[in-house]
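For reference, the structure is listed below as structure tokens.
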Ligand code: SF4
Ligand code: SF4
């Protein structure tokens, strides 16, 4: 590859220009060998090891069917892969819409440095959620069927499919100014920026619908989902928890950026991170209070108090007190004492709570009364391997983009245009 | 304060005349109320019309067929399993159909066996265990069909719930939705996985034949006929032998009724039947939510448009040029 590029470079001046442009964009201004050397880090080695080790699992999935990598049955059709990749992932990726709405719609101008990072986190997250689906669908090559081939509008999943597809498009458009700046296309850039507000409103709608629809999917299962988790308020519970999940995720994204990508952040980004973390922490704490109240309300409305003294009731309390109330209190304490550390810790804690809640709904409290239930929902190693590989890829792609695109910094020539 | 006003706007006049007014009022929006408003907007929209979606009762097809299983008659010979396997041209089973050792485990219908018979203890008379044949119940308003985003399932007027493999992309939400855990996905196929479940021998009954299992049962445990007639028959049996039967026809009302009905000598709970199901069809539980989606689509642009307009006015530090750009969209 190196040779090829050199050859063309000699052949004409314009290709030398192209080469510079190309190297600058892809290798961040390093030469090929410099770039290759910069890749040899322990993290990358671990990443490669995980990807190589999981490759056979993916090959097996597509050549020998889902049964070769998962324990799916008629009683447990969905496993941890979907729980992790879709149900627990998507609330986090609402970060894009929450931060963008704060900045563009609510005029909270101080959020500006964070907007692109949050939109990137959301966009990439959705792309990966779609990839999890491509693993789990029996015939992934038919993924567009609900949109184009035959419509099932009575299905909540139909709603999810449409909204996720549209939302992905909107997110890509929202992020497109960054891509266009990277490519240096001014005219398109101006056009892309001008559509932003309409896009953001569209994104808010699509997000609201589909976050709640993920919960609404389980409205269909009153006989299968444990009554402590089943509630007619599932759509509302999923939506409201997505709000604090999104804020927590934005807090952690900003932290990762200033901590591990400091040289890619401009001074504005770095200096605004503490106050934004504080502000997001406040928002997260507040929305956790709302969520907590709604959870209790759902319990009261369905009069499920008696169930709290059963084993599943204890587990429910672990989730509600240990993983909602606890991070909620910590968030509050972090905001009160202005401790960024505590806020960031609470954010991580809150996200664990989201994961626990979704895993409870998808697996632990689902078909809980079947014989041998808890034994049968343990995911096989191959499923865990696939999840690990996807997480690794996710991090690698995120890093690749953050290193190159103007996400946490403003290019001087585009300042004030968005 | 502001919360209530915004809410009112939404229900009374989502846009138009109230726009000016509300823009003025919400210019006072503090930054922190961003959260409460957006959550409230979502919450009211998601919570409100949950009651609005009730549809007229659907009584099912009056002349549709069904099946009645009488567990007091079943002897556990598995002839029905064999017949099902044959008429559907399924692969040979691992253990032959006369091997009673299969009763030692709890089996479940799957892509290789559309119906299975399990053995349950009979607390009243331990020497006579109860055998339960399990297969799709052909719900009058099937949750599998409600769940499918591609509409691959059809409830036929004749009674069977059938499925079109050509449409299915394999999400298995139908399996999640089915209150009886019935649809079996062919997880072992890499290229052509599909749902496999009992279709009440749709092809055979259209030709006037009996379903394979009903034809094969030597004990008279399976009766095929018009659902309405089967209900009468079931009631008659229970009335004539109140000592022999529990007084419940399973499937008469569960999830809005099923084409397959059951009567039994031991409580259905002890045979692993779900007894916590609502009497109304499960589709009723999602209708309310689905009807909120258009509400969100029509009210949110107005609400958030107003908020946008208001907060822009409220922030004098913002240069004019950017406002114009925002407006073009
Ligand atoms: S029993 Fe399950 S698979 Fe059969 S019709 Fe009812 S919902 Fe569908
Ligand atoms: S698995 Fe197939 S039939 Fe079942 S809901 Fe998904 S697309 Fe529809």
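Residue numbers (our numbering), protein chains in the order written: chain A, 2 to 419; chain B, 2 to 330.
A virtual CB, placed ideally from N, CA and C, is assigned to each residue, including glycine.
Check your understanding: Can you list, in chain order, the residues of the region 123 to 151 of chain A whose Cβ is nearer than 7 Å to any Cβ on chain B?
Key -> So the close ones are 138, 139, 140, 143, 144, 146, 147, 150 and 151.
Practice item. Within the region 225 to 264 of chain A, note down every full alpha helix (DSSP H) run reaching 4 residues or more, in order along the chain. Key: If one requires a minimum length of 4 residues, the alpha helix (DSSP H) runs lying completely within the region 225 to 264 of chain A are 235 to 261, in chain order.
Exercise for review: Check the Cβ-Cβ distances between residue 178 of chain B and every residue of chain A, and say whether any is below 7 Å.
Suggested key: By this cut-off, residue 178 of chain B is an interface position.
Point to revise | Assigned exposure category for residue 320 of chain B - 16 Cβ within 10 Å defines buried | key: Note that residue 320 of chain B scores 45 on pLDDT, short of 50, meaning its location in the model is unreliable; the coordinates nonetheless yield the value given after this. Classification for residue 320 of chain B: exposed.
Review point. Whose C-alpha, out of A:37, A:94 and A:400, is nearest the C-alpha of residue 240 of chain A?
Key: Nearest C-alpha to residue 240 of chain A among A:37, A:94 and A:400: A:94.
Point to revise | residue 333 of chain A in three-state terms, based on DSSP | key: Looking at residue 333 of chain A - three-state DSSP - the assignment turns out to be helix.
Practice item. Please classify residue 68 of chain B: does DSSP put it in a helix, a strand, or coil? Key: Strand at residue 68 of chain B.
Exercise for review: Starting from the C-beta of residue 215 of chain A, find all residues in its chain whose C-beta is less than 7 Å away, skip the five residues before and the five after it, and write them out in chain order.
Suggested key: So the list reads 88, 91, 161 and 239, once near-sequence residues are dropped.
Review point. Do we get a CB-CB distance below 7 Å when we pair residue 354 of chain A with the residues of chain B?
Key: Not one chain B Cβ lies under 7 Å of residue 354 of chain A.
Practice item. Look at the alpha carbon of residue 377 of chain A and the alpha carbon of residue 79 of chain A, and state the distance between them as a whole number of angstroms. Key: Near 12 Å, if we compare the C-alpha coordinates of residue 79 of chain A and residue 377 of chain A.
Practice item. Return the CA-CA distance between residue 282 of chain B and residue 257 of chain B, expressed in angstroms with no decimal places. Key: Near 4 Å, if we compare the C-alpha coordinates of residue 257 of chain B and residue 282 of chain B.
Exercise for review: Report yes or no: is there a C-beta of chain B within less than 7 Å of the C-beta of residue 76 of chain A?
Suggested key: At a cut-off of 7 Å between beta carbons, residue 76 of chain A contacts chain B.
Check your understanding: With a CB to CB cut of under 6 Å and the five nearest residues on each side skipped, what residues in its chain are close to residue 409 of chain A?
Key -> The residues 118, 258, 265, 266 and 270, in chain order, have a CB closer than 6 Å to that of residue 409 of chain A in the same chain once the five nearest residues on each side in sequence are set aside.
Check your understanding: Taking 7 Å as the CB-CB cut-off, is residue 158 of chain A touching chain B?
Key -> At least one chain B Cβ lies under 7 Å of residue 158 of chain A.
**Study point:** CB contact below 7 Å: residue 155 of chain A versus chain C
**Key:** Structure shown: chain C not included; protein chains present are A and B.
Check your understanding: Grouping DSSP H, G and I as helix and E and B as strand, with all else coil, what is residue 349 of chain A?
Key -> Collapsing the DSSP output to three states places residue 349 of chain A in a helix.
**Study point:** Rounded separation between residue 253 of chain B and residue 330 of chain A - CA only
**Key:** Their Cα atoms are separated by approximately 50 Å.
Check your understanding: Going straight from the alpha carbon of residue 56 of chain A to that of residue 291 of chain A, what length do you get?
Key -> Here the alpha carbons of residue 291 of chain A and residue 56 of chain A stand approximately 43 Å from one another.
Check your understanding: Is there at least one non-hydrogen atom of ligand 2 closer than 6 Å to the beta-carbon of residue 148 of chain B?
Key -> Because some heavy atom of ligand 2 lies under 6 Å away, the Cβ of residue 148 of chain B counts as near it: yes.
Practice item. Pull up the distance between the alpha-carbon of residue 405 of chain A and that of residue 81 of chain A, whole angstroms please. Key: C-alpha separation (whole angstroms): 33 Å.
Check your understanding: Considering residue 45 of chain A, what are the terminal residues of the alpha helix (DSSP H) in which it resides?
Key -> Its alpha helix (DSSP H) spans residues 43 to 65.
Review point. Which runs of the alpha helix (DSSP H) spanning at least 4 residues fall entirely within the region 67 to 143 of chain A, listed in chain order?
Key: For the region 67 to 143 of chain A, whole alpha helix (DSSP H) runs of length 4 or above, ordered along the chain, are 90 to 93, 96 to 101 and 113 to 137.
**Study point:** For residue 29 of chain A, the three-state DSSP class (helix, strand or coil)
**Key:** Coil.
Review point. Is it right to say residue 273 of chain A is buried, meaning 16 or more other beta carbons lie within 10 angstroms of its own, or is it exposed?
Key: Burial call: buried.
Practice item. Helix, strand or coil for residue 119 of chain B, going by three-state DSSP, please let me know. Key: Residue state, collapsed to three classes: strand.
Check your understanding: Can a CB atom of chain B be found closer than 7 Å to the CB of residue 107 of chain A?
Key -> The beta-carbon of residue 107 of chain A is placed less than 7 Å from the nearest beta-carbon of chain B.
**Study point:** Contact under 7 Å by Cβ, residue 98 of chain A with residue 205 of chain A
**Key:** By the CB criterion at 7 Å, residue 98 of chain A and residue 205 of chain A fall inside the cutoff.
Check your understanding: Just checking my contact of residue 215 of chain B with residue 68 of chain B at CB under 8 Å: how many whole Å lie between their CB atoms?
Key -> In this structure, residue 215 of chain B and residue 68 of chain B form a Cβ contact; the two beta carbons are roughly 6 Å apart against a cut-off of 8 Å.
**Study point:** Collapsed DSSP secondary structure at residue 134 of chain B in the structure displayed
**Key:** Strand, per DSSP.
Review point. Apart from the five residues just before and just after residue 203 of chain B, which ones in its own chain have a Cβ nearer than 8 Å to its Cβ?
Key: For residue 203 of chain B, where only same-chain residues beyond five positions count, the Cβ hits under 8 Å are 157, 159, 161 and 163.
Review point. Under a criterion of Cβ closer than 6 Å to any non-hydrogen atom of ligand 1, which residues qualify, in chain order?
Key: Residue selection by CB proximity (closer than 6 Å to any heavy atom of ligand 1) returns B:137, B:138, B:139, B:140, B:143, B:144, B:145, B:162, B:179, B:181, B:183, B:184 and B:198 in chain order.
**Study point:** Contacts around residue 22 of chain B, its chain only, beta-carbon distance under 8 Å, and the 5 residues preceding and following it disregarded
**Key:** Its pLDDT being 40, under 50, residue 22 of chain B is placed unreliably in this model, and the coordinates cannot settle the point.
Point to revise | Contact list for residue 109 of chain B against chain A, beta-carbon separation under 9 Å | key: What residue 109 of chain B touches in chain A: 74, 75 and 76.
Exercise for review: Using the Cα positions of residue 286 of chain B and residue 233 of chain A, report the straight-line distance between them to the nearest angstrom.
Suggested key: In this structure, the CA atom of residue 286 of chain B is about 8 Å from the CA atom of residue 233 of chain A.
Review point. Shorter than 7 Å from the beta carbon of residue 137 of chain B to some beta carbon of chain A?
Key: No, residue 137 of chain B lies away from the interface with chain A (no Cβ there is under 7 Å from its Cβ).
Check your understanding: Can you tell which of B:104, B:122 and B:172 has its C-alpha closest to the C-alpha of residue 194 of chain B?
Key -> Nearest of B:104, B:122 and B:172 to residue 194 of chain B, Cα basis: B:172.
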